Structure formats: C-alpha cells, structure tokens
Amino acid sequence: MANTGNSDKWYFTKEQLENTPSRKCGYDAHKELSYRQQAANFIQDMGQRLKVSQLCINTAIVYMHRFYVFHSFTHFPWHQMAAAALFLAAKVEEQPRKLEYVIRVANICRNPKDTNIDIKSERYITQSQDLVFNENVLLQTLGFDVAIDHPHTHVVRCCHLVRASKDLAQTSYFMASNSLHLTTMCIQYKPTVVACFCILVACKWSNWEIPLSNEKRSGTRTWIPP
1 MANTGNSDKW YFTKEQLENT PSRKCGYDAH KELSYRQQAA NFIQDMGQRL
51 KVSQLCINTA IVYMHRFYVF HSFTHFPWHQ MAAAALFLAA KVEEQPRKLE
101 YVIRVANICR NPKDTNIDIK SERYITQSQD LVFNENVLLQ TLGFDVAIDH
151 PHTHVVRCCH LVRASKDLAQ TSYFMASNSL HLTTMCIQYK PTVVACFCIL
201 VACKWSNWEI PLSNEKRSGT RTWIPP
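In terms of UniProt numbering, the sequence shown opens at residue 1 and continues consecutively.
Encoded structure:
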C-alpha cells in the first residue's frame, strides 16, 4: 500500500462543515451527524460480516466522512455510500471482497430477512450497477487520495512512549474508534491531534498523569502538546 497521505485539504473548519451540501438541502446539524453515525455503524456491521480488518473498516468510515463534505445525503443515500466506501477500502487495504458478497451483506444489514438475492435478477443488476457507480463517484471525490493515516497508530506509539497501562492504552484506542463513529473529528483534526485528545481524556477518566519527558525536566517540552 502507498504511504499514508496527510494532506491539509482533508481538514475542514467549523464554518465549512456548517455549509455542506446536506445543510444547504435543509438538513440541520443533528440530522446530518445522525446520518454520518448511521453510515459508520452500517460500515462496521458490514465489515464484521465480511470479515475484513478493523483497519479496513476505519478507512471506509473516513472515506464516508470526507465524501459528505462535498455531497448531500439527499442525492447519495448513506447506506449506498457506506457500502461503496467499504467496497473501495477493502481493495485499498488489500482485502478485496467480491461485488456479489458486498451486495448480499449490505442487504442483510438493512433487512436481516433479506438473505437471498438472485444474481440474475433485475434487482441485483441494479444494485451492482449502483455500487460500481457510487464507488467511482467516491474515488473521484477523494481525488484518488485513498491512503489514510489513522489516530490509532499514534495512540499505540504514544502509549508505549509514556509507559501507559494496558487499560489506559485500550481506553485510548477505543476512544479513537469512537471518534470515527460518533464525531467528525477525522475531517477536522489531524490524526496526531485526535490521538492526543483520546489519550488525555482517557488519562482524566483514570486519574493517571502522563509523566514528563526528559526534555520537559530540562524545561523544553512535554510528551503531548497541551
């Protein structure tokens, strides 16, 4: 896989996120965030059923968040783009899944009773065409910039540096995942900043104080920026 990209073009201001296409179509902040959360949960459910890695799932969620900065939920339903995001992420993370399997799992996630679909049926053909089309729109929206740097990597590295307990490291890691599912932090802040936030909040919850680095003892800096 290519080196992870970290371009500033993928981080947006509060004002920009208040003027997304969905907002212009009449969605308020709560409804737009709710749809993002539903899409993220849908990706998580699909990913687990398709047995792809959590890294792949996280990558798909970031794709989804980035996509809806430029497109409206009105024109691109969240469940369709969630499936397209995971379909693409599985390829990028070298865990490709067959189109047929992705469609079957997407249908089951929407309706657990929808376990059978004839691949020769008009319904299947339409869904397969929609998935490929949505994947192409997603790719073009991303500008083929598909390598993602996740905060989880930085959480693990930093927790190791400060000799954090296993529980603190796990809590920080869990918060990094929650930030993807529940917030738009991945399109507001760089992954290093998100990682710092997750670790600091986990420290406050556990009343654990991050030790000073050698540089701080000599009056220069701390492990994590304030």
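Note that beta-carbon positions come from the ideal geometry of N, C-alpha and C, so glycine has one too. If you're wondering where the values come from, they're calculated on a predicted model, not measured in any experiment.
Contact under 8 Å by Cβ, residue i with residue j
i, j, result
"valine 194", "proline 151", "yes"
"alanine 85", "leucine 138", "yes"
"valine 155", "alanine 176", "yes"
"alanine 82", "alanine 39", "yes"
"phenylalanine 76", "asparagine 136", "no"
"aspartate 130", "glutamine 80", "yes"
"threonine 59", "cysteine 25", "no"
Same chain, Cβ closer than 6 Å to residue i, five either side skipped, listed in chain order
i, result
"residue 230", "Nothing in the structure corresponds to residue 230, since the chain is present only between 1 and 226."
"alanine 169", "Cys159"
"proline 96", "Ala90"
Rounded Cβ spacing between residue i and residue j (contact assumed at less than 8 Å)
i, j, result
"residue 236", "arginine 23", "Limits of the chain in this structure are 1 at one end and 226 at the other, which puts residue 236 out of reach."
"valine 132", "leucine 50", "About 17 Å separates the two Cβ atoms, so there is no contact after all."
"tyrosine 124", "leucine 88", "Actually they are not in contact, since the Cβ atoms of tyrosine 124 and leucine 88 sit about 20 Å apart, beyond 8 Å."
"tyrosine 68", "tyrosine 189", "With a Cβ gap of about 17 Å, tyrosine 68 and tyrosine 189 do not count as contacting."
"tryptophan 205", "threonine 171", "7 Å"
"isoleucine 119", "glutamate 100", "6 Å"
For residue j and residue i, the rounded distance between their alpha carbons
i, j, result
"leucine 17", "arginine 36", "13 Å"
"serine 218", "leucine 55", "Here serine 218 scores only 47 on pLDDT, less than 50, and its place in the model is too uncertain to base an answer on."
"lysine 9", "glutamate 15", "15 Å"
"isoleucine 61", "threonine 141", "15 Å"
"asparagine 107", "leucine 161", "44 Å"
"leucine 180", "glutamate 122", "35 Å"
"threonine 126", "asparagine 41", "24 Å"
"isoleucine 117", "cysteine 109", "14 Å"
"alanine 29", "leucine 182", "13 Å"
"tyrosine 27", "cysteine 198", "29 Å"
"phenylalanine 174", "serine 53", "15 Å"
"asparagine 111", "glutamine 48", "16 Å"
"alanine 147", "lysine 166", "29 Å"
Sequence-distant residues of the same chain with beta carbon closer than 7 Å to residue i, five excluded per side
i, result
"lysine 98", "none"
Residues near residue i by beta carbon distance below 8 Å, same chain, minus five either side
i, result
"isoleucine 103", "Ala83, Ile117, Tyr124, Gln127, Ser128, Leu131"
"proline 226", "Per-residue confidence for proline 226 stands at a pLDDT of 42, beneath the threshold of 50, marking its modelled position as unreliable; the derived number appears in the next sentence. Cβ neighbours of proline 226 beyond the five flanking positions: none."
- List in chain order: all unbroken beta strand (DSSP E) runs of 3+ residues lying wholly within the UniProt domain "Cyclin-like" (41-140). Listed in chain order, there is nothing to give.
- Considering only residues of the segment 171-207, which uninterrupted beta strand (DSSP E) runs meet the minimum length of 3 residues and lie entirely inside it, listed in chain order? Correct list: empty.
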